[in-house]
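J.:
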Amino acid sequence: MKLHLGIILVLLLSGCISVKLADSKVKRAKNLNFENPKDPFDSTGIEGADKSWINKENGNTISYQSTCEEASEPTLESMLESATKDIRNKEYRLKRNFIFNQRKAIRTLVFGKVDGVSIKLDVVVFKKNNCNFILTYVALDEHFNTNKRIYDRFVRKFKAK
Numbered sequence: 036m037k038l039h040l041g042i043i044l045v046l047l048l049s050g051c052i053s054v055k056l057a058d059s060k061v062k063r064a065k066n067l068n069f070e071n072p073k074d075p076f077d078s079t080g081i082e083g084a085d086k087s088w089i090n091k092e093n094g095n096t097i098s099y100q101s102t103c104e105e106a107s108e109p110t111l112e113s114m115l116e117s118a119t120k121d122i123r124n125k126e127y128r129l130k131r132n133f134i135f136n137q138r139k140a141i142r143t144l145v146f147g148k149v150d151g152v153s154i155k156l157d158v159v160v161f162k163k164n165n166c167n168f169i170l171t172y173v174a175l176d177e178h179f180n181t182n183k184r185i186y187d188r189f190v191r192k193f194k195a196k
């Protein structure tokens, strides 16, 4: 099941990025401060993510992605929709607008299915200094609460200068 979740997460994250990464010369954000998620998370490479970490015990994944100096300027809503486009039967829960890194942001909890498997996604989208950011925590429904506090700390410590 862990391998299955890992494959689902790679497909999900690769899918949500494919729209943004059509140009292979995507510019990434610089001058970021964040704290790498602690044990049991290990660094992993998910295509399209700037950085990603996986809990190999349950497959939970934390990642962030940035794109800078894009030709178009997507709305926060369209960034959120892009980040969740591969989730089926999705329900947005606890969706809220707030100020993050001195900018408008949206944070939402998404329930849905990928390949028929129930997942939960906690996502933060915001824009700063001509860059778009998506922070994500993806987990199987039954493992979501296991590492949620680690993701919450990651979000609190994430600073785009």
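Just so you know, we're using the numbering used here here: the sequence shown kicks off at 36 and counts up by one. Quick reminder that beta carbons are idealized off the backbone N, C-alpha and C, glycines included. All values reported here derive from a predicted model rather than from experimental measurement.
For S98, does the three-state DSSP call read helix, strand or coil?
T.: Position 63 of the sequence shown, counting from 1, holds the residue named residue 98. Correct three-state label for S98: strand.
J.: Check this for me: beta carbons of F135 and R128, under 9 Å apart or not?
T.: Taking the first residue of the sequence shown as position 1, residue 135 is located at position 100. Taking the first residue of the sequence shown as position 1, residue 128 is located at position 93. Cβ atoms of F135 and R128: not closer than 9 Å.
J.: According to DSSP, is R188 helix, strand or coil?
T.: Counting from 1 along the sequence shown, the entry for residue 188 is found at position 153. Helix at R188.
J.: Could you name the residues of the same chain whose beta carbon sits closer than 7 Å to that of V159, not counting the 5 residues immediately before and after it, in chain order?
T.: Your numbering for residue 159 matches position 124 in the sequence shown. Cβ neighbours of V159 beyond the five flanking positions: F135, A140, R142, L170 and V190.
J.: For F133, does the count of other Cβ atoms within 10 angstroms reach 16, so buried, or fall short, so exposed?
T.: Translated into positions along the sequence shown, residue 133 becomes position 98. When all chains shown are included, F133 counts as exposed.
J.: For D77, which residues from the same chain have a beta carbon less than 7 Å from its beta carbon, with the 5 sequence-adjacent residues on both sides left out?
T.: In the sequence shown, counting from the first residue as 1, residue 77 sits at position 42. The answer, listed in chain order, is W88, I89 and K91.
J.: Since T119 contacts V149 with CB under 8 Å, what's their CB separation in whole angstroms?
T.: As a first step, residue 119 must be located in the sequence shown, where it is residue number 84. As a first step, residue 149 must be located in the sequence shown, where it is residue number 114. The Cβ separation is near 10 Å, so there is no contact.
J.: Could you tell me the alpha carbon to alpha carbon distance between L111 and F161, rounded to whole angstroms?
T.: One-based indexing of the sequence shown puts residue 111 at position 76. One-based indexing of the sequence shown puts residue 161 at position 126. Near 6 Å, if we compare the C-alpha coordinates of F161 and L111.
J.: If you draw a straight line from the alpha carbon of A174 to that of Y186, how long is it in whole angstroms?
T.: For the purposes of this step, residue 174 is identified with residue 139 of the sequence shown, where counting begins at 1. For the purposes of this step, residue 186 is identified with residue 151 of the sequence shown, where counting begins at 1. Going by the C-alpha atoms only, they are around 11 Å apart.
J.: What do you get for S107, buried or exposed, if any count of 16 or more other CB atoms within 10 angstroms of its CB means buried?
T.: Position 72 of the sequence shown, counted from the start, is the residue given in the question as residue 107. S107 is exposed by the Cβ-count criterion.
J.: In terms of residues, what are the limits of the beta strand (DSSP E) holding S78?
T.: By 1-based counting over the sequence shown, the position of residue 78 is 43. From DSSP, the beta strand (DSSP E) with S78 extends over F76 to T79.
J.: Classify A64 as helix, strand or coil using the three-state DSSP reduction.
T.: As a position in the sequence shown, residue 64 is number 29, starting the count at 1. Of the three classes helix, strand and coil, the one that applies to A64 here is coil, per DSSP.
J.: Buried or exposed: where does D74 fall if 16 or more other Cβ atoms within 10 Å of its Cβ makes it buried?
T.: The residue given as residue 74 occupies position 39 in the sequence shown. So D74 ends up on the exposed side.
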